[in-house]
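Here the working numbering is used: the first residue of the sequence shown is 1248, the next is one more, and so on.
Single-structure report; data block below.
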Amino acid sequence: MAVPKHPKADGRKSTNSYCSTVTLVAFVALCLVGVWMMTSSSVIPLQNIDTTQKINDAKEVITKTLDTEDNTDETTVNNDENATPDTTTSKQFEDNPGDLPYDATKGDTNTSSQQDKNNTKEDDETTNESDKEIKHDEKSKNDDEQENNEESEGKIDKFDDPKTMVLPSGAESELLSETSVKNGSFSTQATESSKEKEVHKAVKPEDNKGYNWNLCNVTAGPDYIPCLDNIQAIRSLRTTKHYEHRERHCPENPPTCLVPLPEGYRRPIQWPTSREKIWYHNVPHTKLAVLKGHQNWVKVDGEFLTFPGGGTQFKHGALHYIDFIQENVPAVAWGKRSRVVLDVGCGVASFGGFLFDRDVLAMSLAPKDEHEAQVQFSLERGIPAISAVMGTQRLPFPARVFDVVHCARCRVPWHIEGGKLLLELNRLLRPGGYFVWSATPIYQKNPEDVGIWDAMRRLTKSMCWEVQAVGKDIVNKVGVAIYRKPMSNECYEGRQQNEPPLCTESDDPNAAWKVPLQACIHKVPVDPQVRGSQWPEQWPSRVEKVPYWLLSSQVGVYGKPAPNDFSADFEHWKRVVNKSYMNGLGINWSTVRNVMDMRAIYGGFAAALKDRNIWVMNIVSVDSPDTLPIIYERGLFGIYHDWCESFSTYPRSYDLLHADHLFSKIKNECNMTALVVEVDRILRPEGKLIIRDTVDTVNEVENMVRSMNWEVRLTYSKDKEGLLCVQKSMWRPTELETIPYAIA
């Protein structure tokens, strides 16, 4: 007979069974969560940070390192402004993605600074973009986990990885590491320029961790340019008849003090509004408004300086003048055949500013203070410009790179001393390119102008420049003469007199760093495999196409055949810019206009930004492979420079600086502290600096900029390579440091 079950006993047993079941389920759930956490990235998603933590006034820094034990990325959200990246030794780059995880971003919305208070609209835009990115991340989360597992088995092509990428991996790493960069088949500008002065002696970097900054006490004040405001050197010049006082005279030891801000300085107006007006207090100079106001250069309008779009030769607007040139010579074909222009004696650069409407990039050039602050006005407006003068030395550009050279009432005496200055333009002008000269000698009949016009006609004819058009603009009531440089040497060889003389075979036209001007003509290349023998592809296809003169027999900078090197570099920077810089650094790119790539190679970084309202000044160091001609061939522009010296631009010129393995290179050559000070000088307050370099170098720079109260937006390190994105502050020190050679 069956024993009946006791109801209480059954109840206890049932309860115990139920508890056991719940315990088992909870245990299994915890195990599954643990397994999931072990198999997925240990990085804390940005959206979780935003939804679970109330971040009010704390400045958030995202620091990334690669763990060497489990090969996973670790994220540290640190509110301590003195936090630095973990420099733990990591594995070398493998053939798998070293992409920055989605959450390794520092958006403008997470920064409680004065910028956010003044820029709510921009922050909202950034927030919307971040929200979209977060939704995309959640949607693809499971796919990413499976993809990571497949990657460990070598099943995924790393170059097609859709994740945000900051540091490349595998085959891409050779495009990042300084140690892999060679000269290849390219010589350096320092080698080409045989007249270059002796290389600066290395200066041992400072060991002072405190970095006690002082404010520069100089006559130029907020407009200080060390190499152009060396008053002591200028006073010692024997003569200034060739504008020697406007040339570079760099101090032996670059300054390490910070340039003051103008009183009342505020964030610059954004492009394209800045083309028409800027804040008066940012460039508080009125001399040009007084002297040139009637010519529509610049006018004072309350708290603004306005630019009606005119100039001495185009009082009724630059666009009409630009179109007038093409009407006279249709082959100019702005924005197609003619892409890169040199504007000599640019005034306030309205010509270059409105050429953007025709898809043309113009390098505006003028001496400092010849007309007060003209280059400074240009840069504040968001128009490319440099301070330079045609004096006793060649301009710092390679030969045969500009499609058009323009001079509108630039007051340069082209015809004197055997045409030495015009022959310098001939060196820079691409064979088949145009020289556009708009000046009073073309259309006025006073004796002086008639004499200059006759001298120019003789000179240009002896240089074999062919007259394309001489016309008068009835709207602006000015005359324009347009010449074309020959594409062969037939005219040179057929001249009855060798005047101006042909340059000797040993005279390298590409040598441009501190090389004296020569009154001679360089022959035109005729070999179809030599640069200059053919016209580049029309814009925009020329930016992507491998130049015809880059041969597979040449070794590129990264060790591959030159054409492959070029293409790999372009693909690399497209990935970095599109997958990382546009979304992964928290930069509101709508506020970025003036950009400098401080160590450009093939111009890939600039090429990747070509579709945005941004222009990039590409800097090729004089002791690096001379790849600047390639950059111009692509329809981009740049300049030679030695970063042991100051750059020839006004303070507060650029919105963003990009330095790829520059600082570690300078660290071994000269004073890196001086370079950081130079970066501070030329970067606008609230501007961004992006550094890709070794971890040690990144940490050193980070410590310096932190001591200047810069905001660290992001740090990332992997396999001894690091990335740093920082934002300059408005902070200035209070103690002064007098620079004796810069005091009048």
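Ideal Cβ positions, reconstructed from N, Cα and C, are used throughout, including at glycine.
Here the structure is a predicted model, which means the values were calculated and not measured.
| In whole angstroms, what is the alpha-carbon distance linking tyrosine 1690 and isoleucine 1472? | On the sequence shown, residue 1690 is found 443 positions in, with the first residue counted as 1. On the sequence shown, residue 1472 is found 225 positions in, with the first residue counted as 1. Spanning the two alpha carbons is a distance of roughly 38 Å.
| request: Please confirm whether serine 1964 and glutamate 1925 have their CB atoms less than 8 Å apart. | output: Here residue 1964 refers to the residue found at position 717 when the sequence shown is read from its first residue. Here residue 1925 refers to the residue found at position 678 when the sequence shown is read from its first residue. No. Outside cutoff.
| request: Give the straight-line distance between the Cα atoms of proline 1794 and proline 1987, rounded to the nearest whole angstrom. | output: For the purposes of this step, residue 1794 is taken as residue 547 along the sequence shown, with counting starting at 1. For the purposes of this step, residue 1987 is taken as residue 740 along the sequence shown, with counting starting at 1. Distance between the alpha carbons of proline 1794 and proline 1987: 48 Å.
| task | To the nearest angstrom, report how far apart threonine 1533 and lysine 1583 are at their CA atoms. | result | Counted from its first residue, the sequence shown places residue 1533 at position 286. Counted from its first residue, the sequence shown places residue 1583 at position 336. Each residue's alpha carbon lies about 37 Å from the other.
| field | Residue closest to asparagine 1529, alpha-carbon to alpha-carbon, out of Asp1470, Leu1475, His1563 | value | The count along the sequence shown starts at 1 and reaches residue 1529 at position 282. Minimum Cα distance to asparagine 1529 is reached at Asp1470.
| For phenylalanine 1813 and histidine 1908, the rounded distance between their alpha carbons | Locating residue 1908 in the sequence shown gives position 661, where the first residue counts as 1. Locating residue 1813 in the sequence shown gives position 566, where the first residue counts as 1. For histidine 1908 and phenylalanine 1813, the distance between alpha carbons rounds to 18 Å.
| Okay, do the segment 1771 to 1790 and the segment 1721 to 1736 touch, 3+ Cβ pairs below 8 Å being the bar? | yes
| task | Could you tell me the boundaries of the beta strand (DSSP E) in which phenylalanine 1221 lies? | result | Past the edges of the chain, shown from 1248 to 1991, lies residue 1221, and the structure says nothing about it.
| task | Can you check the segment 1648 to 1725 for any beta strand (DSSP E) of at least 3 residues that lies completely inside it and give the ranges in chain order? | result | 1649 to 1655, 1676 to 1685, 1713 to 1720
| request: Look at the alpha carbon of asparagine 1459 and the alpha carbon of lysine 1914, and state the distance between them as a whole number of angstroms. | output: The residue you call residue 1459 lines up with position 212 of the sequence shown. The residue you call residue 1914 lines up with position 667 of the sequence shown. Distance between the alpha carbons of asparagine 1459 and lysine 1914 is about 20 Å.
| message | Just to confirm, is the Cβ distance from isoleucine 1886 to isoleucine 1633 under 8 Å? | response | Within the sequence shown, the letter at position 639 stands for residue 1886. Within the sequence shown, the letter at position 386 stands for residue 1633. Closer than 8 Å, so yes.
| message | Under 8 Å, with one C-beta from each stretch per pair, do the segment 1500 to 1514 and the segment 1479 to 1490 reach the 3-pair mark? | response | no
| Should glutamate 1510 go down as buried or exposed, given a rule of 16 or more other Cβ atoms within 10 Å for buried? | By one-based count along the sequence shown, residue 1510 stands at place 263. Under this definition glutamate 1510 is an exposed residue.
| query | In terms of residues, what are the limits of the alpha helix (DSSP H) holding tyrosine 1879? | reply | Along the sequence shown, read from residue 1 onward, the residue named residue 1879 stands at position 632. Residues 1875 to 1880.
| said: With H, G and I counted as helix, E and B as strand and the rest as coil, what does DSSP make of threonine 1639? | reply: Position 392 of the sequence shown, counted from the first residue, corresponds to residue 1639. Of the three classes helix, strand and coil, the one that applies to threonine 1639 here is coil, per DSSP.
| query | Where in the segment 1907 to 1970 do unbroken runs of the alpha helix (DSSP H), each at least 4 residues long, occur, reported from the N-terminal end onward? | reply | 1910 to 1914, 1919 to 1929, 1942 to 1954
| message | What would DSSP say about valine 1290, mapped onto helix, strand or coil? | response | Position 43 of the sequence shown, counting from 1, holds the residue named residue 1290. Only weak support exists for where valine 1290 lies, its pLDDT of 33 falling under 50; the coordinates are left without a value.
| message | So, for aspartate 1720: in the same chain, excluding its five sequence neighbours on each side, which residues have a beta-carbon less than 6 Å away from its beta-carbon? | response | Residue 1720 sits at position 473 when you count from the first residue of the sequence shown. For aspartate 1720, where only same-chain residues beyond five positions count, the Cβ hits under 6 Å are Phe1571.
| query | What residues match up with tyrosine 1527 in a beta bridge as DSSP calls it? | reply | Stepping through the sequence shown from its first residue, residue 1527 is reached at position 280. Answer is none; tyrosine 1527 lacks a bridge partner.
| message | Along the chain, where does the alpha helix (DSSP H) containing valine 1823 start, and where does it finish? | response | Locating residue 1823 in the sequence shown gives position 576, where the first residue counts as 1. Here the alpha helix (DSSP H) through valine 1823 covers 1809 to 1823.
| query | Are serine 1685 and glutamine 1560 touching if we call contact CB-CB under 8 Å? | reply | Residue 1685 sits at position 438 when you count from the first residue of the sequence shown. Residue 1560 sits at position 313 when you count from the first residue of the sequence shown. Against a cut-off of 8 Å, the Cβ pair of glutamine 1560 and serine 1685 comes out as a contact.
| said: Let's see if you can read the secondary structure: which residues bound the beta strand (DSSP E) around alanine 1613? | reply: The sequence position of residue 1613 within the sequence shown is 366, counting from 1. Per DSSP, alanine 1613 belongs to the beta strand (DSSP E) from 1608 to 1613.
| field | Presumed contact (8 Å Cβ cut-off) between cysteine 1750 and cysteine 1711, rounded CB distance | value | As a working note, residue 1750 is residue 503 in the sequence shown. As a working note, residue 1711 is residue 464 in the sequence shown. Not a contact, Cβ separation roughly 14 Å.
| Who are the Cβ neighbours of isoleucine 1937 in its own chain at under 6 Å, not counting the five residues just before and after it? | On the sequence shown, residue 1937 is found 690 positions in, with the first residue counted as 1. So the qualifying residues of the chain are His1905, Cys1972.
| Among Met1637, Leu1875, Leu1552, Leu1670, which has the Cα closest to the Cα of lysine 1708? | Taking the first residue of the sequence shown as position 1, residue 1708 is located at position 461. Minimum Cα distance to lysine 1708 is reached at Leu1670.
| message | Using only CA atoms, which one of Arg1960, His1819, His1769, Val1802 lies nearest to serine 1432? | response | By one-based count along the sequence shown, residue 1432 stands at place 185. Per the Cα distances, Val1802.
| Length of the line joining the Cα atoms of proline 1748 and isoleucine 1768 | As a working mapping, residue 1748 is identified with position 501 in the sequence shown. As a working mapping, residue 1768 is identified with position 521 in the sequence shown. About 6 Å.
| query | Using the C-alpha atoms, what's the distance from glutamate 1984 back to aspartate 1604? | reply | Within the sequence shown, the letter at position 357 stands for residue 1604. Within the sequence shown, the letter at position 737 stands for residue 1984. C-alpha separation (whole angstroms): 45 Å.
| Beta-carbon spacing of glycine 1934, leucine 1970 below 8 Å | Residue numbering aside, residue 1934 sits at position 687 when the sequence shown is read from its first letter. Residue numbering aside, residue 1970 sits at position 723 when the sequence shown is read from its first letter. No. Outside cutoff.
| task | Put cysteine 1474 into one of helix, strand or coil per three-state DSSP. | result | Position 227 of the sequence shown, counted from the start, is the residue given in the question as residue 1474. Coil.
| request: Enumerate in chain order the residues of its own chain whose CB-to-CB distance from leucine 1764 is below 7 Å, with the five nearest sequence positions on each side excluded. | output: Here the question's residue 1764 lines up with position 517 in the sequence shown. Hits under 7 Å: Thr1639, Gln1640, Arg1641, Lys1667, Glu1671.
| How would you label proline 1678, buried or exposed, when you count the other beta carbons within 10 angstroms and need 16 or more for buried? | Here residue 1678 corresponds to residue number 431 of the sequence shown, with the count starting at 1. Buried, since its Cβ has 16 or more Cβ neighbours within 10 Å.
| field | Three or more C-beta pairs below 8 Å linking the segment 1872 to 1882 and the segment 1642 to 1656 | value | yes
| said: For leucine 1608 and valine 1587, which I take to be in contact (beta-carbon distance under 8 Å), what is that distance rounded to the nearest angstrom? | reply: Along the sequence shown, one-based indexing puts residue 1608 at 361. Along the sequence shown, one-based indexing puts residue 1587 at 340. Indeed, because the Cβ distance is near 5 Å, the residues count as touching under 8 Å.
| query | Ordered along the chain, which non-local residues of its own chain (more than five positions away) have a Cβ less than 7 Å from that of valine 1762? | reply | The residue you call residue 1762 lines up with position 515 of the sequence shown. If we look at valine 1762 and ignore the five residues flanking it on each side, its Cβ neighbours are Ser1440, Lys1442, Gln1640, Arg1641.
| message | Check for me: the beta strand (DSSP E) holding histidine 1888 runs from which residue to which? | response | Indexing the sequence shown from 1 puts residue 1888 at position 641. Here the beta strand (DSSP E) through histidine 1888 covers 1885 to 1888.
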